[in-house]
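Each remark here refers to the structure printed beneath this line.
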Amino acid sequence: MTQPLTLYNTLSRKKELFNPLSPPYVGMYVCGPTVYNYVHLGNVRTFLTFDTLYRYLTFIGYKVRYVRNLTDVGHLVGDGDEGEDKIGRMAKLEKVEPMEIVQRFTNDFHTVMAQFNAIPPSIEPTATGHMVEQIEAVQVLLEKGLAYEANGSVYFDIEAYNKQGGNYGKLSGRILDDLLNETRDLDGQSEKRSPLDFALWKRAAPEHLMRWNSPWGAGFPGWHLECTCMSTKYLGKQFDIHGGGMDLKFPHHECEIAQGDALTGHDPVRYWMHSNMLTVNGQKMSKSLGNSFLPSELFAGSHHLLEQAYSPMTVRFFMLQSHYRSTLDFSNDALKAAQKGYRRLANGLRVIKQMSYQTDDSVSADEIKQEDIRKAVQQFYEAMNDDLNTAVGIAQLFTLLKYVNMLYLGQLQGAALGNDVFTLLKTSFITFLQDVLGLTEEGSDNQPVLEGLLTLYREYKEQRQYDKVDQIRSYFKAQGLAIKDMKHQIDWAYEE
RNA sequence: GGUUCCGUGGCCGAGUGGCUAGGCUCAGCUCUGCAAAAGCUGCUACAGCGGUUCGAAUCCGCUCGGAACCUCCA
305 MTQPLTLYNT LSRKKELFNP LSPPYVGMYV CGPTVYNYVH LGNVRTFLTF
355 DTLYRYLTFI GYKVRYVRNL TDVGHLVGDG DEGEDKIGRM AKLEKVEPME
405 IVQRFTNDFH TVMAQFNAIP PSIEPTATGH MVEQIEAVQV LLEKGLAYEA
455 NGSVYFDIEA YNKQGGNYGK LSGRILDDLL NETRDLDGQS EKRSPLDFAL
505 WKRAAPEHLM RWNSPWGAGF PGWHLECTCM STKYLGKQFD IHGGGMDLKF
555 PHHECEIAQG DALTGHDPVR YWMHSNMLTV NGQKMSKSLG NSFLPSELFA
605 GSHHLLEQAY SPMTVRFFML QSHYRSTLDF SNDALKAAQK GYRRLANGLR
655 VIKQMSYQTD DSVSADEIKQ EDIRKAVQQF YEAMNDDLNT AVGIAQLFTL
705 LKYVNMLYLG QLQGAALGND VFTLLKTSFI TFLQDVLGLT EEGSDNQPVL
755 EGLLTLYREY KEQRQYDKVD QIRSYFKAQG LAIKDMKHQI DWAYEE
C-alpha cells in the first residue's frame with residue numbers, strides 16, 4: 305500500500321507491480337505440507353519464504369488473508385494416479401488410525417513453524433474437512449463435459465479443456481504434444497483417455513482405509529483438487545497470490561489452474577510465486593534422496609553431516625541471506641557464518657531497545673551519517689519491494705547495525721544524528737529485523753542473575769582482582785554469553 | 001531426449017550494460033590487565049573462448065561444468 309511492491313510472477317516470467325484485486329485486502333494461498341511425516345528443512349524454506357512475504361505485506365499496510373492447507377488425504381505414493389495414499393500407508397505400517405498420523409505430524413509441523421517464528425496462517429484448512437466441496441466440484445466438471453468417469457474414478461479431460469479454450473501447460477511452459485510424446489504409458493490398460501489426464505476422484509480399493517461415499521462409489525479425492533476447492537472457498541474464484549515450492553509447478557499448480565479455470569471460467573490466480581529448492585552438496589534436499597535434515601536434528605546438532613547445533617534464528621537468517629528464487633546450498637561453513645552474523649544483529653537489537661535519545665547542544669550534527677542512515681532505510685524498502693530481495697535488505701541492516709554499535713560504545717553521540725534520525729534508526733532497525741524478517745532475540749532469560757554478576761565483575765575489576773574477573777567471564781562463556789568491557793561501561797552480549 | 005535455470009573473490013551470497021552489495025574468514029590499527037566486543041584499514045571476483053557496444057559479470061553465440069522439472073517431493 306505504502307510501497308510499490310514488485311513480485312516475480314511465474315506465469316508471466318516477469319517481475320510485476322503488485323496490484324491486489326481489492327486493496328487493502330490481499331488473498332494469499334500457499335500449498336502446505338502433506339502431514340504423513342516430519343517436515344524437513346527444505347519444506348521449511350518454502351514456508352519461511354511466504355512467512356516473510358506475509359509479514360512484509362502486512363507491514364506495508366495490507367490486510368492479508370493467508371490460507372495454507374494441510375494435505376491429509378489424496379497424496380499418493382509413487383507414480384501419479386496409482387499407488388497408495390501416503391497417510392494411509394503410514395497408518396497401516398504403524399497400525400493406527402490415519403487421523404492419528406495426521407494429528408501427530410500436524411502437531412510437529414506447528415511446533416517447528418513456531419520455533420522458526422513463522423506466523424500461523426489466517427486459515428489452515430484440511431482436505432478431509434472439505435469433502436463436500438470437492439465432490440461438488442467433480443460434479444460440476446462432469447456436467448461441463450470436462451471430466452469423465454471410469455470404473456468409479458473420475459478424471460479431468462485435458463483435451464476437452466483445451467478445446468474449450470484452456471491452455472494446459474502455460475504455467476510450466478510445457479507443450480502438450482511434447483508431454484504426450486514423452487509420456488510412456490507403462491500399463492497399457494489405463495482407464496484414462498489420455499495419460500496426461502489427472503485424477504479428480506479415485507475409487508477406493510477394498511483395503512483402502514481413507515474412503516468417502518460419492519456419486520461414483522466409495523473413494524477419495526485427487527491431490528490437486530483440494531487446493532482448488534479450498535482456495536476458491538476462502539479467497540474467491542480469483543485471488544491475488546498463490547505460493548509454493550518450485551517442484552509443485554508441474555503438475556500440481558498446472559492442474560490447479562486448469563481446475564479453477566474449468567470450474568469458474570476465471571484464471572484462479574493473479575500472481576504465482578515459487579520458491580527455489582534447498583540443496584545439499586548441490587542436490588535437492590528431499591526425503592527420497594535421503595539427504596534431508598529434520599529441524600530437530602539441526603537444533604540438536606545430531607545429523608551426521610552437521611558439525612554442531614544451530615538455532616532456529618540462525619537458520620532463518622541463513623535462508624534470508626539468499627534470494628528465495630535461487631537455490632540455496634546447505635553447508636556447515638555457511639551456517640557458521642550465518643550464526644555469527646545473526647548474533648551480531650541480535651546483540652544490536654538488544655542494545656538499541658535500551659537506548660534513548662539524549663539532547664546535547666554541544667554536539668554538532670553529522671550530516672553525512674544522517675544521510676547514510678536515511679539511505680539505508682530507504683534501500684531496505686527498495687530491496688524488499690524488488691521481489692523480496694531479503695539479501696540486500698539484510699545488507700542495509702548491517703549498515704544500521706554499525707551506527708547502533710557506535711552509539712552504544714559512545715563512538716557516536718545520539719545528538720549528532722538529531723532526534724529524527726535517531727528515532728528512524730531505532731524504529732527501523734527493530735521493526736525491519738523483528739516484524740519484517742521475523743528475526744528475534746533468542747537466548748538468556750535469567751537477566752537478574754546476569755546483572756548481579758556484572759555488578760560483582762565491575763567491583764572486582766576496580767579492585768584489580770583479575771582471577772575473580774576471569775572466573776565470572778568464564779561463567780558467562782559457559783552460558784554462551786560474553787562480557788564486553790567497554791570504555792565507559794560493562795555489559796554482556798550473546799557470544800558470536 | 002524435452003523444458004527451464006545456474007556457474008561471482010578463501011567460504012556463503014546479492015547484482016540484467018557504466019556508480020562494481022552484504023555476511024563470514026584472514027591481516028593490520030585503535031581500545032584493553034589479558035581477552036572479547038566495537039570502529040577503522042587492507043584483500044577486488046565474475047567458468048572458458050568469441051561477438052555486439054564508447055563501455056559487459058550483466059546482451060548474443062559456442063564450449064565445458066552443475067541443477068530442477070517432465071505425474072513422490074516445499
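The opening position of the first sequence corresponds to residue 305 in our numbering, with each subsequent residue numbered one higher.
Every residue, glycine too, gets a C-beta built ideally from N, C-alpha and C.
- Around the C-beta of His-344, 16 or more other C-beta atoms lie within 10 Å, and the residue is accordingly described as buried.
- Taking C-beta atoms as the reference points, Gly-521 and Gly-456 count as a pair closer than 9 Å.
- Residue burial is scored here from C-beta neighbours: Ile-672 has fewer than 16 other C-beta atoms within 10 angstroms and is therefore classed as exposed.
- The criterion of a C-beta distance shorter than 9 Å is satisfied by Tyr-340 and Val-406.
- DSSP, read as helix, strand or coil, puts Tyr-459 in strand.
- Residue Trp-796 holds the alpha-carbon nearest to the alpha-carbon of Thr-759 among Phe-733, Met-435, Ala-782, Trp-796.
- Under the three-state reduction of DSSP, Val-696 is assigned to helix.
- Leu-639 sits in a helix when the DSSP states are folded into three classes.
- By the neighbour-count criterion, in which 16 or more other beta carbons inside 10 Å mark a residue as buried, Gly-449 falls on the exposed side.
- Glu-746 and Ser-518 have their alpha carbons spaced roughly 50 Å apart.
- In summary, Ser-535 is buried, with 16 or more beta-carbon neighbours lying within 10 Å of its beta-carbon over all protein chains present.
- When secondary structure is reduced to three states using DSSP, Asp-670 falls in the coil class, being assigned neither helix nor strand.
- Under the DSSP assignment, Met-617 falls in the alpha helix (DSSP H) whose first and last residues are 616–624.
- When C-beta atoms of the segment 644–655 are compared with those of the segment 680–693, fewer than three pairs fall below 8 Å, so the two segments do not count as touching.
- Comparing C-alpha distances from Ser-579 to each of Ala-562, Gly-549, Pro-572, Gly-605 shows the shortest one belongs to Gly-549.
- Nearest in C-alpha terms to Ser-635, of all of Leu-602, Ala-464, Met-659, Val-667, is Leu-602.
- Sequence-distant partners of Asp-355 (beyond 5 residues in either direction) whose C-beta falls short of 7 Å from its own C-beta, in its chain, are Ala-422, Ile-423, Gly-742.
- Segment contact: the segment 706–725 against the segment 676–684, three or more CB-CB distances shorter than 8 Å; contact assigned.
- DSSP, read as helix, strand or coil, puts Pro-599 in helix.
- Here Val-377 has Ala-431, Thr-432, Met-514, Phe-524 as same chain residues with Cβ atoms under 6 Å from its own Cβ, once five neighbours each way along the sequence are excluded.
- The three-state reading of DSSP puts Gly-548 in strand, counting E and B together.
- The beta-carbon separation of Ala-638 and Phe-622, rounded to 7 Å, stays under the 8 Å limit for a contact.
- Using a 10 angstroms sphere on the CB of Ala-395, the tally of other CB atoms reaches 16 or more, which defines it as buried.
- Residue pairing by DSSP leaves Asn-323 without any beta bridge partner.
- Between Gly-331 and Asp-664 the beta-carbon gap is near 50 Å, outside 8 Å, which marks them as no contact.
- Within its own chain, the residues whose Cβ lies closer than 7 Å to the Cβ of Thr-410, once the five positions on either side in sequence are excluded, are Val-339, Leu-374, listed in chain order.
- The residues Gln-662, Thr-663, Asp-664, Val-667, in chain order, have a CB closer than 7 Å to that of Ala-719 in the same chain once the five nearest residues on each side in sequence are set aside.
- Annotation: the continuous beta strand (DSSP E) that includes Ile-794 extends over 794–798.
- Secondary structure of Trp-527 (DSSP, three-state): helix.
- Val-740 is positioned such that its CB atom lies no closer than 9 Å to that of Phe-420.
- Annotation: the continuous alpha helix (DSSP H) that includes Ala-418 extends over 402–419.
- Per DSSP, the continuous alpha helix (DSSP H) segment holding Ala-395 begins and ends at 390–398.
- Put simply, the backbone Cα of Met-589 is about 11 Å away from that of Leu-598.
- It is roughly 20 Å from the alpha-carbon of Gly-784 to the alpha-carbon of Arg-762.
- Per DSSP, the beta-bridge partners of Ala-454 are Ser-457.
- Nearest neighbour of Ser-498 by Cα position, chosen from Leu-325, Asn-471, Tyr-452, turns out to be Tyr-452.
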